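Residue numbers (our numbering), protein chains in the order written: chain W, 1 to 623; chain U, 1001 to 1702.
Here a beta-carbon is modelled for each residue, glycine too, at the ideal position from N, C-alpha and C.
Treat the numbers as computed from the prediction; the structure is a model and nothing was measured.
Worksheet: one structure, shown below.
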């Protein structure tokens, strides 16, 4: 079936430059027709291409999908991801447990020594105890030191591995697969979340392991000396070690929701009061904003006061249980001793053991609170690690030519892209031809899909209908990495790394020679500035280029794109955020540098539009 | 205790109360600890001696331990409350201070330091208040109580404790001193390595674009490993202090327990005493050890306190924001006011000014004035009428004729020196300096007046002078120079500009030339270092800034949208506006359509920085604000910058509608707004370049 008529309602905007072939595209369901007309030459060639339908991207169950019967807690999901790093954690936990046990053993042995001495035996019978007490006294501090070092080492090792893991999970999601890449705040939060995993290990898991060991050892010792005392101690330790932290966890979570909302309110008010100060002052609203801030501060304070009652409750309850255990165990031991069932030395050991075994549980309420705080981070991380990549790489990618053989052309036809599986299409029926060695300027209001088109070209987002062909291959059949070797450049989210200028440029082509580096910098008009710097190419540029001006930053990004020298160069709003004079200068340099290259340029600058071989306007996802 | 801590205690009463309460509770706690040890030792010794189980001491022990739990709870709860109250006090004080801080500087401060201080920053005080202060109180009380009791029971053990106890702070200080240096050296490295991950993740799209993501995966691992090694190097030293403290404490237990055991062998001491000593000795060390840990945790709190006081003391040249009548009096005596002589001069004549404002007779005395007024009312762009009020170089020849008549006025004035005191408010003051040299001579007597008047601050502005009616008054910049602290070059240099009511002036020029500063001057955000900004002859510096800004509507380059609904954002200048009025303003600003498409339309709550709206949409919300405010003077700072052509067209249309019938100063880069200006002024390196329009051009202006 061949149709050559245009479907009404599919506006096709093509601005023609005389002498150049104009490509218009129409689509009928399931088929795609490309019509190429050359002005002055009425011969119309019509080719029919089967629509390259791609496999639908793997998607996670949406909110409408029935939830699994019992979703595991996010903390457990995160722990599952941390499991591979247990080798570093085990010695840490052992050392922590050892140092806590030593502390308890020190007091218990000293108690044994004193009671035994009170029986006035020969010196030899207590000399071992004296040695043990001295050894434990010295060893306790050393063990604690080792425990802390080993603990941090193990945890940091685990976190190092986990960072790599998170990084690898992020790679296929950048930039379109997760909202994190659309907001610096989200990204910072994500990195903080990874650090929260560190807290989960260091401040939750290890103290729990140590407390558990002490509790088990104390209960076992007490049971060996006097079974009923062992049972009592075991029960009370369990209550203090499990139920109290569980209660804290529940309370913190409940408080968490209201307090989080109040904190968000406070943060918003603070931001309004500072960042919006000028707007507030100009509109006479500073007083109102101040009142709002004071209200938010008062609300936080009252929530914190409420919380004060419960936070210290946990340690008080642990103390109460400690008292109960001491009194109860002493009572039982005294009775057993009076009945002649317990030697005198064991009497004091039991009483002291009951007293000191609770000391290892002291960090648990705080650990429980921390666990409640980590939960949100754990959920976000676990979600991230379970997110499928937006672009499914083909199992057997088709080969693409290596770059270097000169400019290539790209044919896009009937392209349809959605951000969400059932959401509205961001691009629909978009057709566009990038002839080899020509400059095409892409226009369109913000939100019209220009950046999405570039993302589709770079295989950052999948297309569900239509085709993108380069060097005779359908992009969907090729490996994303191979595609980006051919089609790359300056995206809107291009990042300047906290590294040297050289490193920032070489990123695009690590094997570039110095001459190539200089040439790219020269064409981007970056070189004069670089050479004027005291450290020249080795100048460190701050976090996202904070130490450079906007124009220098854009030029650096341009030089990087030129150094990469791809057969198809894309430049997405390279003058964005620059003042008009700088923008004009940068654009002029871009136009100079891109002569003879296949270039897709997104810009609003008149000069760019004037210098284009073609101008294509995107309107609400249509071209 | 550092000075900043002393100030913290002085400034926040809740903390003083907290410290006193903590000391009392610590004393109670120490007593309970002693009682607990004595009771348990008695119970066990009695059992050992075969006295059987005695109910009374057992019950007493239970009561004592329950009381300990209660004390601990009270201490914790009170400490948390003290922290909450202290933070609230400081938040309110910072907030109150911000109200009077230069808004532009506040908004420009990078990374939102102040906002962070107000929110999470202050929370760093928690460990200080909850942990450090009570521990400090306990350290002062508990060891003394315990040692006193030991002295009474067994002085030899007490001696050992007394000798070893000071070792903890001594060693602690020694190790701490050493670690502090090492840690400080390591800190930067740690921060850099720690920040690497964020940098790489933020750059991941870029890495993928250039196929470097795999290589970086290895680097991420390597950097994390380097971070681990560097951290451990720091920790190895940092943990030494706790190692020393722990060892001193545990060793002391051994030092106490072993001799006691040996003396027991000899029968020199009773088991009861020996057990009391064993149970009590560690309690003497506990607060000191805790203090070491709490001190580390509290360091951040102290830093925050320093930041808080730095913010509170921040002494930017007192802006108009500060001028409650009381503040005015104070300011006059301060050197600040003396420095701004230009302003001080005017400020020194409040009586005249108020008199003038009350008597517009003075103005009507100027012959051309009434004509001008009527002219303005009928046709705001009437240049000839305007000329007298504000002799302007740009104006048509007709003006010159007016000027010719001006000397008459001046002579009039020189002949009547009494009137000259009123001159500050006279429209002639606005005249372009270049116009009449006679005027300068006229001014010479001014210094004399100034010295006369300065010693009379008592009559000073108990009220601000009324704001002149901007529908008729001219806005004049008279030889204004603006300097920013820390910059050698003035942002504006000797700038003179007069705006007629209803005039539309476009400011063009390269970025950094001073265009935005000019708007900030008119807004009263910036005060001139010399020269003055006048409204109908009244110095802007003398007006109540809020009252003056009621006459202005400002659309900044990057408007701030508040974390509130769209409607409330538009209502900013008129909180009582009805929904219908809000919608009308939005329609006028070409914002109605996209607002209607938002999830909850006008009730949609905007996120941080107005997330979810494009730059153009934000700009239009700001325009709607201006429409709703309906102010006679418009200050627009590049309302169409950074917009795509479609949004630009919409915003231009909306802006032009808004300017209609109002005085407007528009910073315009793009050409779309320029045709709608009556006059285009080029700002270059802090100076103005007025065009000299031909009469034909002047007539042609719409």
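| Check | Outcome |
| --- | --- |
| What residues of chain U sit near residue 313 of chain W, judged by a beta carbon separation below 9 Å? | 1073, 1076, 1077 |
| Could you please tell me which residues of the segment 448 to 481 of chain W, in chain order, have their CB closer than 7 Å to any CB of chain U? | 458, 481 |
| Closest by CA to residue 1270 of chain U, which one among W/288, W/445, W/209, W/120? | W/120 |
| Should residue 1397 of chain U go down as buried or exposed, given a rule of 16 or more other Cβ atoms within 10 Å for buried? | With a pLDDT of only 36 at residue 1397 of chain U, under 50, the local geometry of the prediction cannot be trusted, and the value read off the model is given with reservation. Residue 1397 of chain U should be labelled exposed. |
| By the 8 Å beta-carbon criterion, what residues does the segment 131 to 146 of chain W contribute toward chain U? | 133, 134, 136, 137, 138, 140, 141, 142, 144, 145 |
| Can you check which of these residues, U/1546, U/1579, U/1017, is closest to residue 1464 of chain U by C-alpha distance? | U/1546 |
| Contact between the segment 1059 to 1074 of chain U and the segment 299 to 318 of chain W: three or more CB pairs below 8 Å? | yes |
| Can you give the Cα-Cα distance for residue 1549 of chain U and residue 1558 of chain U, rounded to whole angstroms? | 19 Å |
| If you follow the beta strand (DSSP E) that residue 1532 of chain U is part of, which residue opens it and which one closes it? | 1530 to 1535 |
| If I measure Cβ to Cβ from residue 206 of chain W and keep anything under 7 Å in the same chain, skipping five residues before and after, which residues do I get? | 92, 93, 96, 151 |
| Give every residue of the same chain whose Cβ lies closer than 8 Å to the Cβ of residue 115 of chain W, excluding the five residues on either side of it in the sequence, and list them in chain order. | 344, 345, 347, 348, 349 |
| What number of angstroms, rounded off, separates the C-alpha of residue 1136 of chain U from the C-alpha of residue 1553 of chain U? | 55 Å |
| Can you tell which of U/1054, U/1570, U/1686 has its C-alpha closest to the C-alpha of residue 338 of chain W? | U/1054 |
| Measuring only the C-alpha atoms, how far is residue 172 of chain W from residue 478 of chain W? | 15 Å |
| Taking just the CA atoms, how far does residue 583 of chain W sit from residue 67 of chain W? | Residue placement at residue 67 of chain W is poorly supported in this model, since its pLDDT is 40, which falls under 50; the coordinates still yield a value, given next. Taking the straight line from one Cα to the other gives about 51 Å. |
| Leaving out five residues before and five after residue 1647 of chain U in sequence, what residues of the same chain have Cβ atoms less than 6 Å from its Cβ? | 1616 |
| Report the residue from W/180, W/552, W/90, W/314 whose alpha carbon sits nearest the alpha carbon of residue 250 of chain W. | W/314 |
| In chain order, what residues of the same chain have a beta carbon less than 8 Å from the beta carbon of residue 1674 of chain U, not counting five sequence neighbours either side? | 1506, 1508, 1668, 1680 |
| Which value, in whole angstroms, describes the spacing of the CA atoms of residue 1150 of chain U and residue 1273 of chain U? | 9 Å |
| CA-CA distance, residue 1252 of chain U and residue 1154 of chain U? | 15 Å |
| Look up residue 1664 of chain U in the DSSP assignment and give the residues it is bridged to. | U/1504, U/1634 |
| Does the Cβ-Cβ distance between residue 457 of chain W and residue 450 of chain W come in under 8 Å? | no |
| In terms of alpha-carbon separation, which member of W/235, W/198, W/225, W/83 lies closest to residue 215 of chain W? | W/235 |
| When the Cα atoms are used, what is the spatial distance from residue 369 of chain W to residue 252 of chain W? | 6 Å |
| Closer than 7 Å by beta-carbon distance: list the chain W residues that pair up with residue 1554 of chain U, in chain order. | 282 |
| Note down, in chain order, every chain W residue with its Cβ under 9 Å from the Cβ of residue 1080 of chain U. | 304, 305, 307, 308, 309, 311, 312 |
| Could you list which residues in chain U have their beta carbon closer than 9 Å to that of residue 167 of chain W, in chain order? | 1197, 1200, 1201, 1204, 1213, 1216, 1217, 1220, 1221 |
| Using the Cα positions of residue 166 of chain W and residue 385 of chain W, report the straight-line distance between them to the nearest angstrom. | 7 Å |
| Residue 120 of chain W touches chain U at which residues, Cβ-Cβ below 7 Å? | 1265, 1267 |
| So if DSSP puts residue 468 of chain W in a beta bridge, which residue, or which two residues, is it bridged to? | W/412 |
| To test your reading of the DSSP string, which unbroken alpha helix (DSSP H) runs of 4 or more residues are found completely within the segment 356 to 437 of chain W? | 364 to 386 |
| What are the complete alpha helix (DSSP H) segments, minimum 4 residues, inside the segment 199 to 273 of chain W? | 206 to 225, 227 to 238 |
| Please list the partners that residue 1065 of chain U has in chain W, where partner means a Cβ-to-Cβ separation under 9 Å. | 319, 320, 322, 323, 324, 326, 327 |
| Run down chain U in chain order and give the residues with a C-beta less than 9 Å from the C-beta of residue 156 of chain W. | 1224, 1225, 1227, 1228, 1229, 1231, 1232 |
| Looking at chain U, which residues of the segment 362 to 395 of chain W have a Cβ within less than 8 Å of any of its Cβ atoms? | none |
| Return helix, strand or coil for residue 1267 of chain U, following the three-state DSSP convention. | coil |
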